[in-house]
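Letter by letter, the sequence shown follows residues 1 to 1199 in the UniProt record's numbering. Just below is one structure, and these are the notes that go with it.
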Amino acid sequence: EGGAVMVKKIPGDGHCLFSAIIHQFYRDDIKSDAHKQKITELRRQVVGHIKDNYEEYHASLMDTVADLDHLGPMENEMRITEFLQRLEITNEWGGQETIAASAVLFNRRIDIYYEDGPIVAFNRSAAASGVIRLAYRSSRALRNRCRTHYDSILHTLQTFDRAHENGRDNDLIQPVPRITNLQRNIRTNASQLSNITDTASAISESPMIQAEDRYPIMSWNVRGCSEPQKREVMDQLFKENGYRIVALQETRLAECTMETMNYFWFNVNNGTKRDRIGGGTAILVAKAECKDNRFKRITSNSCSYLADMFGDKVLVVSTYIRTERQTESGEFQKLFRYIVNLPQSIKDKIIIVGDFNAHIGKMDLTPEDRAVLGNNLYHDYCNENGTGLKNFLHGLNLKNYMTFSSSKSVATTWTNGKSISQIDHIVMSKMNIMKIPKICAYYNLNLKSDHKMIECILKMHKRPLTDQPRTVSNTGPKRMRFDLELLKSNEEKNKFQERVNCILEKRPTTATATVEEKWFNIQDSIINAAKSVLQKPGSPPTPRRMNASKNYFIAHQRQLADRSNQTLKAEAKKARKEKKHAYIDHFNDKVETFLREIENENPLSQMTKTYKFIKSHKRTTTAGNRRYIPIQRWNAKLQESASNEQNQEFETFPEDDGRDAGEEPTKEEIRSIIWDSRNNCAPGLDNVHNEFLKYGSEELLDTITDLIREVFRTNTVPKSWRETVQIPIPKIHNAQNIDDYRCITLCPSIYKIYSKILLDRLRNQIDPIPAYQMAFQAKRSAADQIFVLRRILDERWRKGCKTIIVSLDIKQAFDRLDISKAGQILLDMGVSKALVNRIINACLQEKTSLQWYGQRTRSIKKMKGVKQGCPLSPQLFILMLHHVLMSVQQFIPELKLTHEGSIKPPCILGYADDVTFICRSEEEVEKLLDILEPLLHSVGLEINVKKTKVLYRDPELTNNVAPEKMGKFGKYELPVVTTLKNLGAQITSSLTRGATTADRIRKAQKAFHHLCSFLKQHPLKLAVILKLYHCLITPVVTYSMEVSTIIKRNRDALRKMENEMLKTLKGLSAEEKDKERNHDNMETSNPRDSSDDQSDIENDDNDTFQQEAPELLKGYTINNKIRVARLNYYGHIIRSEHGGILKSALEYKIDKPKKIGRPAYTWRTCIRQDVERTGISLPHWQDVALDRSKIKEQTKKLY
1 EGGAVMVKKI
11 PGDGHCLFSA
21 IIHQFYRDDI
31 KSDAHKQKIT
41 ELRRQVVGHI
51 KDNYEEYHAS
61 LMDTVADLDH
71 LGPMENEMRI
81 TEFLQRLEIT
91 NEWGGQETIA
101 ASAVLFNRRI
111 DIYYEDGPIV
121 AFNRSAAASG
131 VIRLAYRSSR
141 ALRNRCRTHY
151 DSILHTLQTF
161 DRAHENGRDN
171 DLIQPVPRIT
181 NLQRNIRTNA
191 SQLSNITDTA
201 SAISESPMIQ
211 AEDRYPIMSW
221 NVRGCSEPQK
231 REVMDQLFKE
241 NGYRIVALQE
251 TRLAECTMET
261 MNYFWFNVNN
271 GTKRDRIGGG
281 TAILVAKAEC
291 KDNRFKRITS
301 NSCSYLADMF
311 GDKVLVVSTY
321 IRTERQTESG
331 EFQKLFRYIV
341 NLPQSIKDKI
351 IIVGDFNAHI
361 GKMDLTPEDR
371 AVLGNNLYHD
381 YCNENGTGLK
391 NFLHGLNLKN
401 YMTFSSSKSV
411 ATTWTNGKSI
421 SQIDHIVMSK
431 MNIMKIPKIC
441 AYYNLNLKSD
451 HKMIECILKM
461 HKRPLTDQPR
471 TVSNTGPKRM
481 RFDLELLKSN
491 EEKNKFQERV
501 NCILEKRPTT
511 ATATVEEKWF
521 NIQDSIINAA
531 KSVLQKPGSP
541 PTPRRMNASK
551 NYFIAHQRQL
561 ADRSNQTLKA
571 EAKKARKEKK
581 HAYIDHFNDK
591 VETFLREIEN
601 ENPLSQMTKT
611 YKFIKSHKRT
621 TTAGNRRYIP
631 IQRWNAKLQE
641 SASNEQNQEF
651 ETFPEDDGRD
661 AGEEPTKEEI
671 RSIIWDSRNN
681 CAPGLDNVHN
691 EFLKYGSEEL
701 LDTITDLIRE
711 VFRTNTVPKS
721 WRETVQIPIP
731 KIHNAQNIDD
741 YRCITLCPSI
751 YKIYSKILLD
761 RLRNQIDPIP
771 AYQMAFQAKR
781 SAADQIFVLR
791 RILDERWRKG
801 CKTIIVSLDI
811 KQAFDRLDIS
821 KAGQILLDMG
831 VSKALVNRII
841 NACLQEKTSL
851 QWYGQRTRSI
861 KKMKGVKQGC
871 PLSPQLFILM
881 LHHVLMSVQQ
891 FIPELKLTHE
901 GSIKPPCILG
911 YADDVTFICR
921 SEEEVEKLLD
931 ILEPLLHSVG
941 LEINVKKTKV
951 LYRDPELTNN
961 VAPEKMGKFG
971 KYELPVVTTL
981 KNLGAQITSS
991 LTRGATTADR
1001 IRKAQKAFHH
1011 LCSFLKQHPL
1021 KLAVILKLYH
1031 CLITPVVTYS
1041 MEVSTIIKRN
1051 RDALRKMENE
1061 MLKTLKGLSA
1071 EEKDKERNHD
1081 NMETSNPRDS
1091 SDDQSDIEND
1101 DNDTFQQEAP
1111 ELLKGYTINN
1121 KIRVARLNYY
1131 GHIIRSEHGG
1141 ILKSALEYKI
1151 DKPKKIGRPA
1161 YTWRTCIRQD
1171 VERTGISLPH
1181 WQDVALDRSK
1191 IKEQTKKLY
């Protein structure tokens, strides 16, 4: 068995199966009339036997009729009836049910020999009186003469010579190979035949040992195998077929480890009780193959085993994904997160098999799907699991090899008697070590299940060493980790500079070298120098952690094998505890080492380094519950920016205006830009950090200067400067969809330097943006806009004037802007054509991709949206938005963008894409929106009606309630709110002063919680804690408070919050921990009842700590910091230009009597009180504020 055989040719007339069975049984002449009569009688008996035992053969009949398209569209039961009628009276082909019925009728075991697969046996009962052997051939082997074909096996390999000598070659065809490649292309040579016979017999003696170039595995939804007898039958079947690994689903076994005669069983489940729906996923490994510590539990429905295949390690995953909504189940997400966190060497060699419950539809296939899915599909449309599986394949760059199989048996893998589906799949990564697997599916009548057994034969890919292909990474250059802090050391900095200079000297640039080649030499020199000097090796796991993990795995597996054994349970619990302590102690050692390193440094340096350490600790331990988004959706979002509505391309302009782009950049200018760049920023795809350029040598600076000057002069930008990658950053804690992320673009460091040069030349050629726009402009900030808005609202409230504030939201403004029109807009603003061409060539002609969970999409040429992460892009966005608003002003003359000396509604305030309209009536709002919409649409922007909010501030309304939930403004229906958030500051519909303060306190409590969670485990000295308090908590509270009106009630709330935080932080300090430890030791030596004394001490602490808090902070309390910031900002207003927007807002008045009632407490009132605290009169203070150094000296007196 398993060797080469010789077969009798049977005519391919549709009766081949029946004719081959009759020939095996009677050995008669296949051309005689008697043989034909026996075929007719056998057909009748087979159909009768099937009808008498219909339930037993129903599943196999469903599988057979699914492949017969000539039966026409009809119900499954009608198809079976039609098939049986045709099977009895016509030359209809038979299937597995025909073979099984014939085996019972003849009381023989029927063995089917496949071309390149295991021998499939029917009727294995001991009562069988003989064996009928048939050879099965597919249409590919028969060169498409018919669909499939059966022949009768005449002789084994030993009789080949005799058959050839008798001259009966015409009745023989080539032998059917199995198991070993040595049996291919057999010739009629006696010595070769004897060698092959010995090989085949050796293999047959040990069926569990396979040839080294073949690795058979199998996947099967077993529908329960809790009975020991069934597991024994399965074990024998798997052994006979030579499967090395078997993946089972729905075992309905408790989570356990067991063994049968030939296999070790690793089973996972979500509990010990039997699951009513069907639970339990297992991997069976042949005992000859099994190795310790290779099995892994992924989830309650997925497990894996790291197998040795063809001299390499391959991860085999068995999974079962139920038919549920992906938003509820999340099994794809769990499995995906497990795989993306694997090492790259394992991630590139992975096989995932199981029951996915996924219908993959032919009609839903896209051109991108053709790379991961084949044509062997049964369904027309995808179900939810099918869509999830497609996204899963794209996200991990895997292929569903079962859909590429040529076998019709895999088109359907499940039936319930009424319907048929293809829901089991075999998913693999493309591996160079093996060929495309051969996959087939079949039922086994001795083992009942409504799922087919999916057999996958893996074959080693043999290739000559000289023909090895070069592997090309699709994910771009690998990210390298460098210890950038070493560059602050003079010794390491000198090593780095010497290494860069040495490499540059060895690679001199020629006169004919292009800018691309010159930059490649510079980049390669920098990276090689950094690798040799600054490479940061990854920390290997400590032996204690490795041993603890290994011991826990062994103890856990022993416990699963015998859950009733309490001793094993206690050992597993102890091992788990030791593993946890090993990891905790490792982190504690890391913290103690860090604290010892900063012990002798000054408090400011200690605070800075501790802040970075806590930030990294928070990032690794407080991951949010974010939902995984398939990479296919990100790719679709990226494709949206590949074209604009008019399909316009970037066009350059003839430089015929007689103006140049500006002066060429000098070495000192480039040096200044490099030194002003920020440290610890993520590099672009070239892996060149800002620190490499900042701490580089003078020779490196000269080389970079020459290159940038040449690029500026010739307008030839290297392609690598324009290649970027986008990283999605969550806007909120628990991001759930794409809109909850902001894509930040990582640009090369050298490109940022060049773009800053272009930005400087652009600002020299355009008029300054009016003061209504506060973002990305010199001497303007977010606080300026908040101040102007609050001053207008306070004054109009004081005079009893109704005000309508519209917070306009532009839908994905930075991503949807049509940048193909930027060139013409810049020309309209007076920019020279030479500079416009350089901006278009460097900034706008961008090729970008997106990276998500270690995956990278394909690069596209971007036509919409500006880069968030580029120095030049924000200015381009503001200029294009300013062009739109100037057009609006032409239609509404009373709408002013410049506020020279006075501010009169309607007016506009803007901070980048956050635009606020201040109007007096609903008619003004309606008119403004009607004019603005088409103008925004002309540059690719759109008003987001759902997020645009309207706030009414009407002093006549006594309650803080919005008049309507939705307001009608012409064709727009916008939400009307009572509280509006403007750049982090709260604006209310009434004169409520505590909204902003309450919001700042909530934000501070979150930051305080993260600080306390770290200090509880790792106490620090109180001096360092107070520095961290000023660094982490105070900025959160004081943001925008210098331009907010704060009354006594708000100051009391801030004082109370600060006292509670300081009391908690003092209790977490190292000094207090030592006192508590000493106190506990004294109490142990002198026990006494001190509960009453302790309560008195606590009451005294509560009363006196409010007085100690200012002393502890040395006067730098939050309220004092707000007062100082408010006075400094008042000095900023006084020093601003005369007639500017800040002075106009400060002096903003309405010629109208104030409304009846108590005078309003405004920001000007706060300023008068703060100035009185300094002991200086207000007129004299205005003179002091003109000198920044003097005003700082005066404000320090408030602490």
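Cβ atoms here follow ideal geometry from the backbone N, Cα and C, with glycine treated the same way.
Handout entry: 8 Å CB neighbourhood of L1068 in its chain, flanking five on each side removed
Key = As a first step, residue 1068 is located in the sequence shown; it is residue number 1068 there, counting from the start. For L1068, where only same-chain residues beyond five positions count, the Cβ hits under 8 Å are C1012, L1015, K1016, P1019, I1025.
Problem - N494 in three-state terms, based on DSSP - result: If you number the sequence shown from 1, residue 494 lands on position 494. DSSP places N494 in helix when its eight states are reduced to three.
Problem - Three-state secondary structure (DSSP) of T260 - result: As a first step, residue 260 must be located in the sequence shown, where it is residue number 260. In this structure, T260 counts as coil in the three-state DSSP scheme.
Handout entry: Close Cβ partners of K1192 (< 6 Å) along its chain, the five nearest in sequence each way excluded
Key = Translated into positions along the sequence shown, residue 1192 becomes position 1192. Closer than 6 Å at the Cβ level, and outside the excluded window around K1192, lies no residue.
Handout entry: Three or more C-beta pairs below 8 Å linking the stretch 864-876 and the stretch 925-933
Key = no
Problem - Continuous alpha helix (DSSP H) assignments of at least 4 residues falling wholly in the stretch 359-399 - result: 384-396
Exercise for the section: Below 8 Å CB to CB, which residues in the same chain sit around N679 once its five sequence neighbours on both sides are set aside? Expected result: As a first step, residue 679 must be located in the sequence shown, where it is residue number 679. The residues are L484, N690, E691, K694.
Practice task
Kindly give me the distance between the Cβ atoms of K728 and G684, rounded to whole angstroms, as I take these residues to be in contact under 8 Å.
Solution key: Taking the first residue of the sequence shown as position 1, residue 728 is located at position 728. Taking the first residue of the sequence shown as position 1, residue 684 is located at position 684. Per the sequence shown, residue 728 should be read as Pro rather than Lys. No, P728 and G684 are not in contact; Cβ-Cβ is about 17 Å, not under 8 Å.
Handout entry: Cβ-based neighbour list, R571, same chain, cut-off 7 Å, excluding 5 preceding and 5 following
Key = Counted from its first residue, the sequence shown places residue 571 at position 571. Here the sequence assigns Glu to residue 571, which means Arg is not the residue at that position. Result list for E571: A555, in chain order.
Problem - Short Cβ contact (8 Å threshold) for T1034 with K1121 - result: Position 1034 of the sequence shown holds residue 1034. Position 1121 of the sequence shown holds residue 1121. Yes; because the gap between Cβ atoms is below 8 Å, this pair is in contact.
Exercise for the section: Whole angstroms is fine: what's the gap from I1167's alpha carbon to K867's? Expected result: For the purposes of this step, residue 1167 is taken as the residue at position 1167 of the sequence shown. For the purposes of this step, residue 867 is taken as the residue at position 867 of the sequence shown. Computed Cα separation, rounded: 41 Å.
Exercise for the section: Check the DSSP bridge columns for L134 and list the partner residues they point to. Expected result: As a first step, residue 134 is located in the sequence shown; it is residue number 134 there, counting from the start. L134 pairs with I112, S152.
Exercise for the section: Verify whether the separation of the beta carbon atoms of S449 and W721 is less than 8 Å. Expected result: Here residue 449 is taken as the residue at index 449 of the sequence shown, counted from 1. Here residue 721 is taken as the residue at index 721 of the sequence shown, counted from 1. Taking 8 Å as the Cβ cut-off, S449 and W721 do not qualify as a contacting pair.
Handout entry: 8 Å CB neighbourhood of D562 in its chain, flanking five on each side removed
Key = In the sequence shown, the residue the question calls residue 562 occupies position 562. Excluding residues within five positions, the ones whose Cβ falls inside 8 Å are L568.
Exercise for the section: Examine the ligand SAH and report whether any of its heavy atoms sits within less than 7 Å of the Cβ of R790. Expected result: No copy of the ligand SAH occurs in the structure displayed, which carries no ligand at all.
Practice task
Would you check if the distance between the CB atom of H425 and the CB atom of M402 is smaller than 8 Å?
Solution key: Here the question's residue 425 lines up with position 425 in the sequence shown. Here the question's residue 402 lines up with position 402 in the sequence shown. Contact flag set, yes.
Problem - Nearest-angstrom Cβ-Cβ length linking L897 and M886, presumed shorter than 8 Å - result: The count along the sequence shown starts at 1 and reaches residue 897 at position 897. The count along the sequence shown starts at 1 and reaches residue 886 at position 886. Their Cβ separation, rounded to whole angstroms, is 7 Å, which keeps L897 and M886 in contact under 8 Å.
Handout entry: Same chain only: Cβ atoms within 8 Å of G311, ignoring 5 sequence neighbours per side
Key = Working through the sequence shown from its first residue, we reach residue 311 at position 311. Closer than 8 Å at Cβ, skipping near neighbours: I433.
Practice task
To the nearest angstrom, report how far apart V1184 and K1190 are at their CA atoms.
Solution key: Sequence index remark: in the sequence shown, residue 1184 carries index 1184 (1-based). Sequence index remark: in the sequence shown, residue 1190 carries index 1190 (1-based). C-alpha separation (whole angstroms): 6 Å.
Practice task
Identify the continuous alpha helix (DSSP H) that holds K574 and give its terminal residues.
Solution key: Along the sequence shown, read from residue 1 onward, the residue named residue 574 stands at position 574. Per DSSP, K574 belongs to the alpha helix (DSSP H) from 566-597.
Problem - Alpha-carbon spacing of Q765 relative to P367, whole angstroms - result: As a working mapping, residue 765 is identified with position 765 in the sequence shown. As a working mapping, residue 367 is identified with position 367 in the sequence shown. Roughly 47 Å separates the two Cα atoms.
Handout entry: Residues of its chain near A128, where Cβ-Cβ distance is below 7 Å and the 5 sequence neighbours each way are ignored
Key = Looking up residue 128 in the sequence shown gives position 128. Excluding sequence neighbours, A128 sits near N107, R108, R109.
Exercise for the section: Kindly indicate which residue of V233, F613, A254 has the alpha-carbon position closest to the one of H1010. Expected result: Walking along the sequence shown from the start, residue 1010 turns up at place 1010. Closest option to H1010, Cα to Cα, is F613.
Handout entry: Nearest-angstrom Cβ-Cβ length linking R1000 and V1036, presumed shorter than 8 Å
Key = By one-based count along the sequence shown, residue 1000 stands at place 1000. By one-based count along the sequence shown, residue 1036 stands at place 1036. Right, the Cβ-Cβ distance comes to about 7 Å (below 8 Å), so this counts as a contact.
Handout entry: Where the alpha helix (DSSP H) containing residue 1212 begins and where it ends
Key = Here the chain comprises residues numbered 1 to 1199, so residue 1212 is not present and cannot be evaluated.
Practice task
Please name the residue in S697, A411, I503, A101 whose C-alpha comes closest to that of K531.
Solution key: As a working note, residue 531 is residue 531 in the sequence shown. The option with the nearest alpha carbon to K531 is I503.
Exercise for the section: Helix, strand or coil for Q855, going by three-state DSSP, please let me know. Expected result: For this step, residue 855 is matched to residue 855 along the sequence shown. Three-state DSSP puts Q855 in a strand.
Handout entry: Through-space distance from L335 to R322, alpha-carbon basis
Key = On the sequence shown, position 322 is the one that residue 322 refers to. On the sequence shown, position 335 is the one that residue 335 refers to. Their Cα atoms are separated by approximately 13 Å.
Problem - Rounded straight-line distance, which links the Cα of A682 to that of C382 - result: One-based indexing of the sequence shown puts residue 382 at position 382. One-based indexing of the sequence shown puts residue 682 at position 682. In a straight line, the C-alpha of C382 is about 40 Å away from that of A682.
Exercise for the section: Give every residue of the same chain whose Cβ lies closer than 6 Å to the Cβ of P718, excluding the five residues on either side of it in the sequence, and list them in chain order. Expected result: In the sequence shown, the residue the question calls residue 718 occupies position 718. V515, E516, W519.
Problem - Beta-bridge partners of I750, as assigned by DSSP - result: Translated into positions along the sequence shown, residue 750 becomes position 750. For I750, which the question treats as bridged, DSSP gives no partner whatsoever.
Problem - Contacting residues, own chain, Cβ-Cβ under 8 Å from V104 (five flanking each side not counted) - result: Mapped onto the sequence shown, residue 104 falls at position 104. Hits under 8 Å: H49, N123.
Exercise for the section: Could you say if the stretch 247-262 and the stretch 280-287 meet the contact criterion of at least three C-beta pairs nearer than 8 Å? Expected result: yes
Exercise for the section: Report buried or exposed for R1188, applying the criterion of at least 16 other Cβ atoms within 10 angstroms of its Cβ. Expected result: Position 1188 of the sequence shown, counted from the start, is the residue given in the question as residue 1188. Burial call: exposed.
Practice task
Kindly indicate the opening and closing residues of the beta strand (DSSP E) around residue 1201.
Solution key: Since the displayed the chain opens at 1 and closes at 1199, residue 1201 lies outside it and no answer follows.
Handout entry: Nearest-angstrom beta carbon gap, W634 and L393 [assumed within contact, 8 Å]
Key = Start at 1 with the first residue of the sequence shown, and residue 393 comes out as number 393. Start at 1 with the first residue of the sequence shown, and residue 634 comes out as number 634. About 15 Å separates the two Cβ atoms, so there is no contact after all.
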